[in-house]
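Heads up: the structure comes next, in structure tokens.
Protein chains: 2
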Amino acid sequence: MSLRHAILVLLQDQEASGYDLAREFANSIGLVWNATHQQIYLELGKLNDQNMVKFRHIPQDGKPDKKLYRITEEGRDELIRWLRKPAAPPRIRDAFMVKIAGGALSDSSSILRELDDQADLRRERLHTFEALAKKLDEQGRDKDLFTYLTLRRGILDQQAWLHWADEVKTALNKREILSTSV
Amino acid sequence: MSLRHAILVLLQDQEASGYDLAREFANSIGLVWNATHQQIYLELGKLNDQNMVKFRHIPQDGKPDKKLYRITEEGRDELIRWLRKPAAPPRIRDAFMVKIAGGALSDSSSILRELDDQADLRRERLHTFEALAKKLDEQGRDKDLFTYLTLRRGILDQQAWLHWADEVKTALNKREILSTSV
DNA sequence: ACTACTTATTCAACGGATTGCGCAGCAATA
DNA sequence: TATTGCTGCGCAATCCGTTGAATAAGTAGT
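These protein sequence lines map, in sequence, to chains A and B. Residue numbers for the first sequence follow this note's numbering, beginning at 1 and rising by one. Residue numbers for the second sequence follow this note's numbering, beginning at 1001 and rising by one.
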């Protein structure tokens, strides 16, 4: 229910087009909430219908025209109202973990292979988050404290995941050795 | 796309009714995938239409009748096929984190209040997970290794979250002091 | 010259998920 | 006695999200 609110948060700082927002969802906010461009354009349409945002048409040459959206008073009110009431706990839907839970059916080797792939992804994310956090830290992080804290969340999350992956590896290896030695 | 597979994983070990499954989704598997009873009954219906599961009707007295589902050959094949192909990365949708990212609008006190509420929840979960993991460990965890590893994932996740919460608290307190001393 | 990518928006179809409701009887508690 | 809670199943409306595609013009690379 709160793609709308994520959008309103982004529009808080600056006027932006749907395309701009889509890029931010692929980066910064994507850490915390993700959405495709189709969803974003749709939601912007609804927000506009409800007068939470308004836009102006910007003709461009060389590039297609765009619509620059900005948040309205109503939008800001709605956002503040939403911020005040407690957030619903995130619903967890992790397909890879379902595989682990049902792991007795797979063979260890295929689990380990996928684990490594996922670990590569996580490690990559970890590095980009760390680089961004470091940059913020050098600029004095108080200015963008909340961006910094969001990044920290991402960093700790990846680290915990990678740590877990190590546990899985050692557990599966130990098991492999036991079963082959019998 | 894989509520169905989570259900098949559960039906792997034992015959179960929709109600039983709903309870497991609230506990064990819920750690990793959650679903309401409506979704589960609906999905069981579809799985039955596709011959992935079959059921027998159990009349009960004192309690309403129930349908005990079990997995079929086709169901097991489908599950194995699914296990073989790589899982899509989970999409992140954390409303509370959206609030943090847009935290500049809220006052620190309301953020801290909600942070504490969430932390209570996480701490509670941590304890139940730890208790379950300990129990499994004592029974020799190799039998239920994958359940154990799933629990470990939950434990590390809660710990990382709580650690992050501490960071947020100290950061916001420091900031509070700075702003009030000026 | 051809391919691929970037900027920019939108539509249509489908499937997944949520919300809300309804039925039904038993057990326990206030 | 009234209310709440547990066991058990299901339907319908709506909303949210995904997939796939179309359009259009510029730029960068092989």
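C-beta: ideal position from N, C-alpha, C; glycine also.
Excluding the 5 residues flanking aspartate 1065 of chain B on each side, which residues of the same chain have their C-beta closer than 7 Å to its C-beta? His1057, Ile1058 and Pro1059.
Residue-chain proximity (glutamate 73 of chain A, chain B), Cβ-Cβ < 9 Å: No, because no Cβ of chain B sits closer than 9 Å to the Cβ of glutamate 73 of chain A.
Residues that arginine 81 of chain A contacts on chain B, provided the C-beta gap is smaller than 8 Å: What arginine 81 of chain A touches in chain B: nothing, since even the nearest Cβ is about 11 Å away.
Of the choices B/Asp1061, B/Met1052 and B/Ala1087, whose alpha-carbon is the least far from that of isoleucine 1071 of chain B? It is B/Met1052 whose Cα lies nearest to the Cα of isoleucine 1071 of chain B.
Does histidine 5 of chain A pass the burial test, meaning 16 or more other C-beta atoms within 10 Å, or should it be called exposed? Burial call: buried.
With C-beta atoms as the reference, is threonine 1147 of chain B less than 9 Å away from leucine 1156 of chain B? For the pair threonine 1147 of chain B and leucine 1156 of chain B, the CB atoms are not nearer than the 9 Å cut-off.
Starting from the N-terminal side, write out each stretch of the beta strand (DSSP E) that is 3 residues or longer and does not extend beyond the stretch 57 to 119 of chain A. With a minimum length of 3 residues, the continuous beta strand (DSSP E) runs that stay inside the stretch 57 to 119 of chain A are 66 to 71.
Taking Cβ positions only, does leucine 21 of chain A come closer than 9 Å to chain B? Chain B contact via Cβ: absent.
Roughly how many whole angstroms lie between the Cα atoms of aspartate 1142 of chain B and leucine 1021 of chain B? Taking the straight line joining both Cα atoms gives about 24 Å.
May I ask you to report which of helix, strand or coil DSSP gives alanine 1131 of chain B? Helix, per DSSP.
State buried or exposed for methionine 97 of chain A, treating a residue as buried only when at least 16 other CB atoms are found within 10 Å of its CB. That one is buried.
Three-state secondary structure (DSSP) at lysine 54 of chain A? If DSSP states are grouped into helix, strand and coil, lysine 54 of chain A belongs with the strands.
Given that a residue counts as buried once 16 or more other Cβ atoms are within 10 Å of its Cβ, and exposed if not, what is arginine 81 of chain A? Flag for arginine 81 of chain A reads exposed.
With a threshold of 8 Å on Cβ separation, who are the neighbours of lysine 1030 of chain B within its own chain once the five nearest residues in sequence on each side are excluded? According to the sequence as given, residue 1030 of chain B is glycine; it is not lysine. Within the same chain, glycine 1030 of chain B has close Cβ partners Glu1024.
Neighbourhood of isoleucine 1040 of chain B by C-beta distance below 6 Å, restricted to the same chain and skipping five residues each side: Cβ neighbours of isoleucine 1040 of chain B within its own chain (closer than 6 Å, five residues either side excluded): Gly1018, Leu1021 and Ala1022.
Tell me, please, which residues DSSP counts as bridged to tryptophan 33 of chain A. Partner(s): B/Arg1093.
Could you work out which residue in A/Lys99, A/Ser108 and A/Ser28 is closest to proline 1090 of chain B when comparing CA atoms only? Answer by Cα proximity: A/Lys99.
Confirm, please, whether the CB-CB distance from isoleucine 1007 of chain B to leucine 1068 of chain B is below 9 Å. Taking 9 Å as the Cβ cut-off, leucine 1068 of chain B and isoleucine 1007 of chain B do not qualify as a contacting pair.
For the stretch 1040 to 1062 of chain B, list every residue whose C-beta sits within 7 Å of some C-beta in chain A, in sequence order. Result list empty, no residue passes.
Contact set between phenylalanine 25 of chain A and chain B, taken where Cβ atoms lie within less than 7 Å: Chain order gives no chain B residues near phenylalanine 25 of chain A, where near means a beta carbon separation below 7 Å; the closest approach is about 11 Å.
Measure the C-alpha to C-alpha separation of aspartate 61 of chain A and lysine 1174 of chain B and round it to an integer number of angstroms. In this structure, the straight-line span from the alpha carbon of aspartate 61 of chain A to that of lysine 1174 of chain B is close to 49 Å.
Within a Cβ cutoff of 8 Å, which residues of the same chain sit near glutamate 1114 of chain B, ignoring the five residues on either side of it in sequence? Hits under 8 Å: Phe1096 and Lys1099.
Would leucine 162 of chain A pass as a contact of leucine 126 of chain A if the rule is Cβ separation under 9 Å? Going by C-beta atoms, leucine 162 of chain A is nearer than 9 Å to leucine 126 of chain A.
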